[in-house]
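A short worksheet on the structure shown next.
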Amino acid sequence: MAAATGKTAKSEMETPVSPDLEADIRQLREDIARLTEQLAKTGQHSYGAARRAASEGVEQLKAQGEAAMEGLKTNARDIEDQLTSAVREKPITSLAIAAGIGYFLALLSRR
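Residues in the sequence shown are numbered from 6 upward in steps of one, following my numbering.
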């Protein structure tokens with residue numbers, strides 16, 4: 006019986022592969038290769054889209070930052086103009102205020 010079992014196992018290993026099966030395997034390999042290429046292209050497309058979105062976001066933030074800086078510059082100029090006109094209208098009062106602030110800062114710096 007042992008001899009019969011050995012022949013059966015050997016014959017199962019030597020089963021010839023049919024041409025249809027080989028063609029199916031070849032087709033599966035080609036399909037897998039095409040899918041791999043498509044996934045690579047999709048990944049590149051997604052990366053490009055994300056990069057464009059990030060670039061647009063940076064440009065938008067840059068424009069908002071520039072607009073905010075321009076607004077701050079305008080406010081600073083307005084305050085400077087108001088301060089200049091107040092000093093021209095009341096020079097003695099302005100001088101007294103400046104002296105008081107200087108004296109206060111001197112006291113703080115001694116401690």
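For each residue, glycine too, the CB sits at the ideal point set by N, CA and C.
Cβ-heavy atom distance, residue i to the ligand ATP, below 7 Å
i: residue 111; result: Among the components of this structure there are no ligands whatsoever, and the ligand ATP is therefore not found.
Boundaries (first-last residue) of the alpha helix (DSSP H) holding residue i
i: residue 46; result: 24 to 94
With 16 other Cβ atoms within 10 Å as the buried cut-off, status of residue i
i: residue 6; result: Model confidence at residue 6 stands at a pLDDT of 46, short of 50, so the residue's coordinates are unreliable; what they give is reported in the following sentence. When all chains shown are included, residue 6 counts as exposed.
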